[in-house]
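Reading through the structure tokens given below for one structure.
2 protein chains.
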Amino acid sequence: MTQIRFALAQIDTCVGDLDGNADKIMRYAHLAAKNNAQVVVFPEMTLTGYPIEDLALRRTFRRAAWDKANWLATELEANGLGDLYVAVGTVGTDHASDKPRNRMVVLHDGVVWAGYDKHFLPNYGVFDEFRIFAAGDRSVVLDVDGARIGVAICEDIWQDGGPVADLAERGIDVLMTMNGSPYEEGKTHVRHELAARRAAEVHAPVIYVNQVGGQDDLVFDGGSFVVDADGTMLVRSPMFMEHLGFFDLDTTAARQSAGEIAPELDPDEEVYTACVLGLKDYMAKNRFRGVCLGLSGGIDSALVAAMAADAVGGENVQGISMPSMYSSDGSKDDAADLAANIGAKYDVQPIEPLFVAYQKQLDLDGVAAENLQARIRGVIVMAYSNSKGLLAVATGNKSELACGYSTIYGDAVGGYAPIKDLLKTRVWELSRWRNRAAAAGMGIGGLHIVGNEQGDPGKPLRNGVMIPVSSIEKAPSAELRPGQKDSDSLPEYELLDKVLAAYIEHAHGRADLLADGFDEQTVDTVMRLVDRAEWKRRQYPLGPKVTALAFGRDRRLPVTNAFRE
Amino acid sequence: MTQIRFALAQIDTCVGDLDGNADKIMRYAHLAAKNNAQVVVFPEMTLTGYPIEDLALRRTFRRAAWDKANWLATELEANGLGDLYVAVGTVGTDHASDKPRNRMVVLHDGVVWAGYDKHFLPNYGVFDEFRIFAAGDRSVVLDVDGARIGVAICEDIWQDGGPVADLAERGIDVLMTMNGSPYEEGKTHVRHELAARRAAEVHAPVIYVNQVGGQDDLVFDGGSFVVDADGTMLVRSPMFMEHLGFFDLDTTAARQSAGEIAPELDPDEEVYTACVLGLKDYMAKNRFRGVCLGLSGGIDSALVAAMAADAVGGENVQGISMPSMYSSDGSKDDAADLAANIGAKYDVQPIEPLFVAYQKQLDLDGVAAENLQARIRGVIVMAYSNSKGLLAVATGNKSELACGYSTIYGDAVGGYAPIKDLLKTRVWELSRWRNRAAAAGMGIGGLHIVGNEQGDPGKPLRNGVMIPVSSIEKAPSAELRPGQKDSDSLPEYELLDKVLAAYIEHAHGRADLLADGFDEQTVDTVMRLVDRAEWKRRQYPLGPKVTALAFGRDRRLPVTNAFRE
Chain A
1 MTQIRFALAQ IDTCVGDLDG NADKIMRYAH LAAKNNAQVV VFPEMTLTGY
51 PIEDLALRRT FRRAAWDKAN WLATELEANG LGDLYVAVGT VGTDHASDKP
101 RNRMVVLHDG VVWAGYDKHF LPNYGVFDEF RIFAAGDRSV VLDVDGARIG
151 VAICEDIWQD GGPVADLAER GIDVLMTMNG SPYEEGKTHV RHELAARRAA
201 EVHAPVIYVN QVGGQDDLVF DGGSFVVDAD GTMLVRSPMF MEHLGFFDLD
251 TTAARQSAGE IAPELDPDEE VYTACVLGLK DYMAKNRFRG VCLGLSGGID
301 SALVAAMAAD AVGGENVQGI SMPSMYSSDG SKDDAADLAA NIGAKYDVQP
351 IEPLFVAYQK QLDLDGVAAE NLQARIRGVI VMAYSNSKGL LAVATGNKSE
401 LACGYSTIYG DAVGGYAPIK DLLKTRVWEL SRWRNRAAAA GMGIGGLHIV
451 GNEQGDPGKP LRNGVMIPVS SIEKAPSAEL RPGQKDSDSL PEYELLDKVL
501 AAYIEHAHGR ADLLADGFDE QTVDTVMRLV DRAEWKRRQY PLGPKVTALA
551 FGRDRRLPVT NAFRE
Chain B
1 MTQIRFALAQ IDTCVGDLDG NADKIMRYAH LAAKNNAQVV VFPEMTLTGY
51 PIEDLALRRT FRRAAWDKAN WLATELEANG LGDLYVAVGT VGTDHASDKP
101 RNRMVVLHDG VVWAGYDKHF LPNYGVFDEF RIFAAGDRSV VLDVDGARIG
151 VAICEDIWQD GGPVADLAER GIDVLMTMNG SPYEEGKTHV RHELAARRAA
201 EVHAPVIYVN QVGGQDDLVF DGGSFVVDAD GTMLVRSPMF MEHLGFFDLD
251 TTAARQSAGE IAPELDPDEE VYTACVLGLK DYMAKNRFRG VCLGLSGGID
301 SALVAAMAAD AVGGENVQGI SMPSMYSSDG SKDDAADLAA NIGAKYDVQP
351 IEPLFVAYQK QLDLDGVAAE NLQARIRGVI VMAYSNSKGL LAVATGNKSE
401 LACGYSTIYG DAVGGYAPIK DLLKTRVWEL SRWRNRAAAA GMGIGGLHIV
451 GNEQGDPGKP LRNGVMIPVS SIEKAPSAEL RPGQKDSDSL PEYELLDKVL
501 AAYIEHAHGR ADLLADGFDE QTVDTVMRLV DRAEWKRRQY PLGPKVTALA
551 FGRDRRLPVT NAFRE
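These protein sequence lines are chains A and B, in that order.
Residue 434 in UniProt numbering sits at position 434 of the first sequence, with consecutive numbering throughout.
Residue 2 in UniProt numbering sits at position 2 of the second sequence, with consecutive numbering throughout.
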């Protein structure tokens with residue numbers, strides 16, 4: 001009988017930060033050893049961060065990563081951790097083709113003791129791995145104290161055949177996988193089912209270690225787990241936090257014993273936390289300490305401000321109210337209330353004098369005059385960003401972005417756009433969830449998220465409310481002309497969002513949409529708006545993908561595209 | 001003995017415009033038949049336009065393309081062209097996997113008479129074909145009046161093995177290829193050498209038909225040609241224009257007879273024309289009739305204005321001079337001169353009153369105050385764009401874009417950026433070339449380019465000068481503070497551009513750059529500037545790729561990236 005303790009090191013790395021990532025690996029290796037683990041598994045491309053895109057093609061980077069892996073092996077041994085098997089992801093080079101490889105290295109006894117190269121290279125959706133990597137061509141079984149450990153990297157278990165099929169034939173005691181699987185709504189269950197299927201295929205438990213944290217437009221949710229050969233969930237790490245989980249393998253047992261299983265999250269909490277983590281990590285990894293944004297009193301900017309406060313604290317949020325002649329008193333009050341609720345810095349910068357100054361020269365009307373207001377606000381937001389070193393965040397949602405219902409260089413300015421993948425109806429749902437959580441005691445920064453692994457309840461909220469109820473309840477308006485409502489230009493959001501989900505996420509064509517029961521006029525309006533707004537989306541800031549199909553590299557359509565159904 | 005006349009139909013299609021593309025195919029098929037051709041060859045993905053990116057994944061689009069191909073076959077026959085063999089590119093569907101295919105169909109006798117699917121799918125540089133297509137798996141030889149015609153699509157001849165190797169074994173009389181090969185400096189000769197190599201491999205002439213025209217950030221230069229089995233150039237179409245060339249194949253002759261060979265272009269003319277075609281087609285295909293841009297008196301905006309005038313006529317260019325308190329009289333004069341030279345509409349919009357109005361509220365200094373000036377200009381340019389329905393064009397060059405030496409939402413606003421892939425030293429060279437061409441009689445719009453196939457000499461220039469000499473000669477300055485010069489913040493452009501070319505296009509690392517002989521301080525400054533500006537580049541407008549490595553989808557680096565050499 002062989003017993004092996006595995007540590008599942010669900011960590012948040014930074015792309016390109018070889019030193020920082022190596023230090024974190026050392027720290028978690030120590031912790032794993034202290035807890036009597038013999039094997040510690042890190043996520044895909046731990047050392048380099050993930051995804052590294054064309055950085056993989058840079059020879060000097062691959063060289064530096066190689067040197068760092070060797071340093072790490074030496075350093076582990078020098079720190080008395082030479083006995084530990086440390087499975088780390090990194091970039092390798094295929095010597096025959098000189099092409100990069102997506103590699104697992106196992107550090108042991110002061111050396112790179114074993115290696116495995118990812119076989120299946122995803123090249124769909126947000127992935128471009130066929131562009132940058134050469135595929136590995138052999139399966140690997142590690143022998144650790146007599147236990148046969150099969151290994152695989154992420155996509156290897158999503159495709160049939162390949163290394164897993166090979167391992168099933170060779171016979172293994174456990175399948176150990178490292179992953180960089182980005183978050184999207186509902187994906188957790190898909191992963192569990194997939195792992196259960198592979199466990200049945202190899203007749204052994206499957207260890208699934210996923211990275212956590214934000215990288216540009218992707219958020220990794222962690223949620224590492226182990227399923228037994230029969231699919232039973234044995235161990236599960238919490239989502240959105242760094243975590244070291246443990247799994248004890250008994251190679252002679254028919255069933256493995258269970259460990260800690262983190263509870264599932266509320267679906268709204270999941271998405272909200274994903275957006276916050278995307279923003280939080282973008283800031284941390286690009287060295288921003290605070291954000292600035294326009295607060296209109298509307299729900300989009302309110303939700304983004306709340307997320308920013310949860311990410312970096314209300315005191316690091318600079319809200320700017322920029323009322324025009326068309327702004328209602330209610331909106332100004334809502335903006336001020338929101339800022340007070342989250343403890344944000346709050347300035348009022350009326351745009352009317354600037355609008356008048358421009359109009360004296362330009363004399364615009366119609367949409368041009370509306371856009372002018374939005375662009376004056378954009379200039380002010382960027383002035384705050386430049387003069388105070390703050391990250392400007394854009395507050396557009398996915399419904400707007402889909403329909404082009406935003407002003408480029410106006411409300412679209414910013415380095416990050418936390419809710420760009422949330423349809424408007426989802427914006428309302430998450431706002432309501434955040435208020436419910438606040439009522440239940442979740443203070444500002446009280447999310448279960450990277451950096452709050454200790455479970456700090458957060459800073460108490462004034463009156464226990466985060467987002468002003470009237471921001472949630474009132475009819476949406478851009479307030480760019482008197483009495484304007486979004487519904488003047490767009491279908492009602494309840495309807496619009498259903499059409500958008502069908503057209504964009506489910507790729508329904510015109511005939512499908514009509515068969516779905518949507519009326520012809522709505523379908524034609526929405527399709528035309530979406531198709532024409534591609535050029536604006538191209539220049540929109542990065543923001544976290546949380547749905548099955550986000551704008552950006554997930555949906556690559558030409559700007560110049562005459563196809564209309 | 002079999003004699004076959006081939007027509008090489010080098011046409012400019014539009015992505016998604018199935019009707020328009022089909023009509024153009026009909027027109028050229030008529031012309032080919034009138035000139036006694038038996039076979040007419042169109043470029044890669046003629047019917048759909050190219051590249052169609054994720055539009056390939058849209059089932060309704062594939063269906064529509066299929067219907068259109070069948071319509072075209074019927075229509076050809078109905079028009080008395082049933083005897084002609086019409087080789088057209090389109091998107092197909094692999095019935096087994098339901099994945100799209102990059103397909104050649106040969107229309108004949110009223111039906112889709114033969115088909116071939118591209119075997120090698122490029123997935124590097126600007127290409128993502130592995131993402132959207134399934135690879136074809138068989139070679140095809142057409143029998144036309146006893147002549148054996150092997151076929152291939154673009155990348156199929158760039159890779160060894162595959163269909164060409166197969167055709168070499170099977171034996172063919174000619175290799176007929178359709179291509180969508182984007183322009184880059186120096187690529188013409190690479191294509192010729194490649195075709196000569198394949199001709200030797202298959203022991204037969206190679207017909208190379210390339211598309212022409214702009215599609216988002218790519219420009220296709222045409223330059224279709226035929227090389228004989230021994231590599232001799234037999235026929236060559238002009239670059240950057242639509243053209244129908246002819247090649248007469250005699251299957252029994254050891255050497256084929258030559259036809260028309262278009263002269264090569266001056267290297268500066270080539271790049272200048274590529275930029276103009278990128279802009280011209282972006283406008284035509286997105287239905288813009290005019291452009292607006294800020295005219296600073298500097299060389300970048302002058303060159304872009306000249307290109308715009310060559311693209312759509314000076315009368316469709318709206319120049320806007322936006323002097324500040326720091327603008328020199330010389331700059332204002334140069335801007336006015338340029339506008340007069342090209343016959344542009346010209347307005348002066350001083351920004352000082354607006355700057356004062358903002359400063360009353362914001363009280364900015366340093367870079368924030370400099371950016372404010374640029375952003376006021378951005379707002380004005382977009383006001384012209386919105387109120388007059390003009391395409392705003394950004395005037396940034398590649399050196400600026402590399403170093404982040406531009407103001408996002410300021411001088412970077414626009415829907416298209418014609419010189420974004422030109423280093424500053426190249427901007428000067430092309431400006432000088434355009435003036436030389438003007439002196440030699442090339443008027444406004446007199447370029448050899450799509451839409452000017454008839455060779456109109458263009459509208460005569462006032463004094464025979466296009467770009468004011470002082471705009472070319474003076475030291476570059478953003479004029480955002482008194483006495484400012486670009487060289488205060490950046491190395492001199494002569495040096496900077498060499499470092500940029502080495503670092504970006506040739507991917508030299510720090511050690512390589514030092515070995516290249518650049519001094520350490522310059523190397524470190526430039527690398528740091530380039531690495532930090534990625535986020536700005538992501539939001540920059542599209543512009544034509546003309547070098548071996550352009551920013552944009554050609555160089556996909558993460559924004560969040562801590563790697564520093």
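For glycine and all other residues, C-beta sits at the position ideal for the given N, C-alpha and C.
Review point. With 16 other CB atoms within 10 Å as the buried threshold, where does H119(A) fall?
Key: In the first sequence, residue 119(A) corresponds to position 119, counting from 1. Burial call: buried.
Exercise for review: Thinking I449(A) and L277(A) are a contact (beta carbons under 8 Å), I'd like their distance in whole angstroms, please.
Suggested key: Counting from 1 along the first sequence, the entry for residue 449(A) is found at position 449. Counting from 1 along the first sequence, the entry for residue 277(A) is found at position 277. About 6 Å; that satisfies the 8 Å criterion.
Exercise for review: Under the assumption that K424(B) contacts I444(B) (Cβ atoms under 8 Å), give the Cβ distance between them as a whole number of angstroms.
Suggested key: Taking the first residue of the second sequence as 1, we reach residue 424(B) at position 424. Taking the first residue of the second sequence as 1, we reach residue 444(B) at position 444. 24 Å between Cβ atoms; not a contact.
Practice item. For chain B, find out if any of its Cβ atoms is closer than 7 Å to the Cβ of V559(A); answer yes or no. Key: By one-based count along the first sequence, residue 559(A) stands at place 559. Output row for V559(A): interface = yes.
Point to revise | 7 Å Cβ shell around L31(A) - same chain, five flanking residues per side excluded | key: As a position in the first sequence, residue 31(A) is number 31, starting the count at 1. So the qualifying residues of the chain are L244.
Review point. Under the rule that 16 or more other beta-carbon atoms within 10 Å means buried, what is K34(A), buried or exposed?
Key: Residue 34(A) sits at position 34 when you count from the first residue of the first sequence. Its Cβ having fewer than 16 others within 10 Å, K34(A) is exposed.
Point to revise | N-terminal and C-terminal residue of the alpha helix (DSSP H) that P163(A) is part of | key: Residue mapping note: residue 163(A) aligns to position 163 of the first sequence, counting from 1. Start and end: 162-170.
Check your understanding: Which first and last residues belong to the alpha helix (DSSP H) in which Y50(B) is found?
Key -> Residue 50(B) sits at position 50 when you count from the first residue of the second sequence. Element bounds for Y50(B): n/a, residue is neither H nor E.
Exercise for review: In the DSSP assignment, find the alpha helix (DSSP H) that holds G330(B) and state where it starts and stops.
Suggested key: Position 330 of the second sequence holds residue 330(B). It spans 329-342 - the alpha helix (DSSP H) in which G330(B) sits, taken as one unbroken run.
Practice item. Pull out every residue of the segment 383-396 of chain B whose Cβ sits closer than 7 Å to any Cβ of chain A, in chain order. Key: A383, N386, S387
Practice item. For S406(B), I'd like the list of residues in its chain whose CB is within less than 6 Å of its CB, leaving aside the five on either flank, ordered along the chain. Key: Numbered from 1 along the second sequence, position 406 holds the residue referred to as residue 406(B). Only G396, E400, A412 meet the Cβ criterion.
Review point. What residues in its chain sit with their C-beta under 7 Å from that of D156(B), if we drop five residues either side in the sequence?
Key: Taking the second sequence and counting its residues from 1, one reaches residue 156(B) at position 156. So the list reads K118, H119, F120, G162, P163, V164, once near-sequence residues are dropped.
Review point. Taking 7 Å as the CB-CB cut-off, is T2(A) touching chain B?
Key: Taking the first residue of the first sequence as 1, we reach residue 2(A) at position 2. No, T2(A) lies away from the interface with chain B (no Cβ there is under 7 Å from its Cβ).
Point to revise | Identified DSSP bridge partners for M104(A) | key: The sequence position of residue 104(A) within the first sequence is 104, counting from 1. According to DSSP, which records beta bridges pairwise, M104(A) is partnered with G89(A), Y116(A).
Review point. With contact counted as at least three CB pairs below 8 Å, one residue from each stretch, are the segment 380-387 of chain A and the segment 360-371 of chain A in contact?
Key: no
**Study point:** Closest by C-alpha distance to R556(B), when choosing among D145(A), G552(A), V559(A)
**Key:** Taking the first residue of the second sequence as position 1, residue 556(B) is located at position 556. R556(B) has its Cα closest to that of G552(A), out of D145(A), G552(A), V559(A).
Check your understanding: Can you pull the DSSP bridge partners for H243(B)?
Key -> Position 243 of the second sequence, counting from 1, holds the residue named residue 243(B). Paired residue(s): Q10(B).
**Study point:** Rounded distance between the beta-carbons of D12(A) and G213(A), thought under 8 Å
**Key:** If you number the first sequence from 1, residue 213(A) lands on position 213. If you number the first sequence from 1, residue 12(A) lands on position 12. Sure, about 3 Å apart at Cβ, within 8 Å.
Check your understanding: What is the residue span of the alpha helix (DSSP H) that L234(B) lies within?
Key -> The sequence position of residue 234(B) within the second sequence is 234, counting from 1. Where L234(B) is concerned, there is no enclosing alpha helix (DSSP H), although the beta strand (DSSP E) it sits in stretches over 233-236.
Practice item. Residues of the segment 396-429 of chain B with a CB closer than 7 Å to any CB of chain A: list them in chain order, please. Key: Y409, V413, G415
Review point. Do you know offhand how far N36(A)'s Cα is from A254(A)'s?
Key: As a position in the first sequence, residue 36(A) is number 36, starting the count at 1. As a position in the first sequence, residue 254(A) is number 254, starting the count at 1. Going from the Cα of N36(A) to the Cα of A254(A) covers about 23 Å.
Review point. Mapping DSSP to helix, strand and coil, what is M322(B)?
Key: Counting from 1 along the second sequence, the entry for residue 322(B) is found at position 322. Three-state result, M322(B): coil.
Practice item. For the alpha helix (DSSP H) holding F355(B), just list the boundary residues, first then last. Key: As a working note, residue 355(B) is residue 355 in the second sequence. Looking at the DSSP string, the run of the alpha helix (DSSP H) that includes F355(B) is 352-362.
Review point. So, helix, strand or coil for R556(B), using DSSP?
Key: As a working mapping, residue 556(B) is identified with position 556 in the second sequence. Of the three classes helix, strand and coil, the one that applies to R556(B) here is coil, per DSSP.
Point to revise | 8 Å Cβ cut-off: residues of chain A touching V15(B) | key: Position 15 of the second sequence holds residue 15(B). Going along chain A in sequence order, the residues near V15(B) (Cβ under 8 Å) are P558, T560, N561, A562, F563.
Exercise for review: May I ask you to report which of helix, strand or coil DSSP gives L422(A)?
Suggested key: Here residue 422(A) corresponds to residue number 422 of the first sequence, with the count starting at 1. Coil at L422(A), not helix or strand.
Check your understanding: With DSSP run on the structure shown, which of helix, strand or coil describes L249(A)?
Key -> The residue labelled residue 249(A) in the question sits at position 249 within the first sequence. Strand at L249(A).
Practice item. Check each residue of the segment 526-538 of chain A: if its Cβ is closer than 8 Å to any Cβ of chain B, include it; give the result in chain order. Key: W535, R538
Review point. What did DSSP end up calling T188(B) once you bin it into helix, strand or coil?
Key: Stepping through the second sequence from its first residue, residue 188(B) is reached at position 188. Helix, per DSSP.
Exercise for review: With a threshold of 16 other CB atoms inside 10 Å of the CB of Q539(B), please say whether the residue is buried or exposed.
Suggested key: As a working mapping, residue 539(B) is identified with position 539 in the second sequence. Looking at its Cβ environment, which holds 16 or more other Cβ atoms inside 10 Å, Q539(B) is buried.
Review point. Is the CB-CB distance between F130(A) and R101(A) below 7 Å?
Key: Looking up residue 130(A) in the first sequence gives position 130. Looking up residue 101(A) in the first sequence gives position 101. Their beta carbons are not under 7 Å apart, which means F130(A) does not touch R101(A) by this criterion.
Review point. Is it right to say Q508(B) is buried, meaning 16 or more other beta carbons lie within 10 angstroms of its own, or is it exposed?
Key: By one-based count along the second sequence, residue 508(B) stands at place 508. The question names Gln, yet the displayed sequence has His at residue 508(B). By the neighbour-count rule (16 or more Cβ atoms within 10 Å), H508(B) is buried.
Review point. Given a threshold of 16 other Cβ atoms within 10 Å of its Cβ, counted over all protein chains shown, does G294(B) qualify as buried or as exposed?
Key: Numbered from 1 along the second sequence, position 294 holds the residue referred to as residue 294(B). Under this definition G294(B) is a buried residue.
**Study point:** Backbone secondary structure at N210(B) - three-state DSSP
**Key:** Counted from its first residue, the second sequence places residue 210(B) at position 210. Three-state DSSP puts N210(B) in a strand.
Point to revise | Proximal residues of chain A, C-beta to C-beta of G509(B) below 9 Å | key: As a working note, residue 509(B) is residue 509 in the second sequence. Here the neighbours are R58, R59, T60, F61, R63.
Exercise for review: Go through its chain and collect everything with a Cβ distance to P238(A)'s Cβ below 6 Å, but skip five positions before and after it.
Suggested key: Working through the first sequence from its first residue, we reach residue 238(A) at position 238. Same-chain partners within the cutoff: A262.
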